[in-house]
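Novice: All residue numbers in the sequence shown are consecutive under UniProt numbering, ending with 159. For each residue, glycine too, the CB sits at the ideal point set by N, CA and C. Next up is a structure, given as structure tokens.
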Amino acid sequence: MGGTAIGVGRGDVLTKVQAGPALHWVMTPNPAGLSTPQVYRQLDVMRVNQGIDVSALEAPEVPEELLEAIATGDVTEVAKLMHNDLEIAAVAMLPELADTLVAGRKAGSVRSMVSGSGPTIAHLAKSAVHAEQIATRLQAAGYPSIVTYTSNSGTRLEN
1 MGGTAIGVGR GDVLTKVQAG PALHWVMTPN PAGLSTPQVY RQLDVMRVNQ GIDVSALEAP
61 EVPEELLEAI ATGDVTEVAK LMHNDLEIAA VAMLPELADT LVAGRKAGSV RSMVSGSGPT
121 IAHLAKSAVH AEQIATRLQA AGYPSIVTYT SNSGTRLEN
């Protein structure tokens, strides 16, 4: 597909997004790893325990406001609208992810959340310089991190 896309469902339903200026991210992996199927099962169990009929849940829709925020590069709005249902399950299974989320906020991220089913944490930054600052602070706190950004051109290798 290339470029920027938003995944829903199991992450296999991708919607291509018209992206504007690059969004800058810091990714903090956790070496422990999590099984994607187990995270989904954990979320189902948590929902059932809350009285939610998981068989009646519909696939989420991507808010139009989020698409607009991505298209215009509005970091503050993206931060307000980004959401991952799997985060609570991933954190329940690997509680130290909560520490990484807090560390990201303390390091200055606009928003931190579990990426996919985990165990990587994605920290949104205001700019490339801000992303480098966040990564430096996270690394100093003992969280190895990688700086990256969105691109409309798709995958490419850089030396």
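Pick helix, strand or coil for K16, following the three-state DSSP scheme.
Specialist: Three-state DSSP puts K16 in a strand.
Novice: Can you look up V62 in the DSSP assignment and give me helix, strand or coil?
Specialist: Here V62 sits in coil by DSSP.
Novice: Is N30 buried or exposed, if buried means 16 or more other CB atoms sit within 10 Å of its CB?
Specialist: So N30 ends up on the buried side.
Novice: Out of curiosity, what's the CA-to-CA distance linking T72 and V78?
Specialist: Approximately 10 angstroms, taken between the alpha carbons.
Novice: Which value, in whole angstroms, describes the spacing of the CA atoms of G51 and V129?
Specialist: Computed Cα separation, rounded: 45 angstroms.
Novice: Taking contact to mean 3 or more Cβ pairs, one atom from each stretch, closer than 8 angstroms, check whether the region 116-127 and the region 27-47 are in contact.
Specialist: They touch, by the three-pair rule.
Novice: Could you tell me the distance, in whole angstroms, from the CA atom of Y40 to the CA atom of N152?
Specialist: Cα-Cα distance, rounded: 30 angstroms.
Novice: Classify I134 as buried or exposed, calling it buried when 16 or more other Cβ atoms lie within 10 Å of its own Cβ.
Specialist: I134 should be labelled buried.
Novice: Who are the near neighbours of R137 in its chain, counting only those whose CB is closer than 6 angstroms to its CB and skipping five residues on each side?
Specialist: Closer than 6 angstroms at the Cβ level, and outside the excluded window around R137, lie A107.
Novice: Does any C-beta atom of chain B lie closer than 8 angstroms to the C-beta of D53?
Specialist: Any reference to chain B falls outside this structure, which holds one protein chain only.
Novice: Could you check what DSSP says for S112 in three-state terms: helix, strand or coil?
Specialist: Strand, per DSSP.
Novice: For P60, tell me which candidate among Q42, Y143, L14 and A131 has the shortest Cα-Cα distance.
Specialist: For the residues Q42, Y143, L14 and A131, the minimum Cα distance to P60 belongs to L14.
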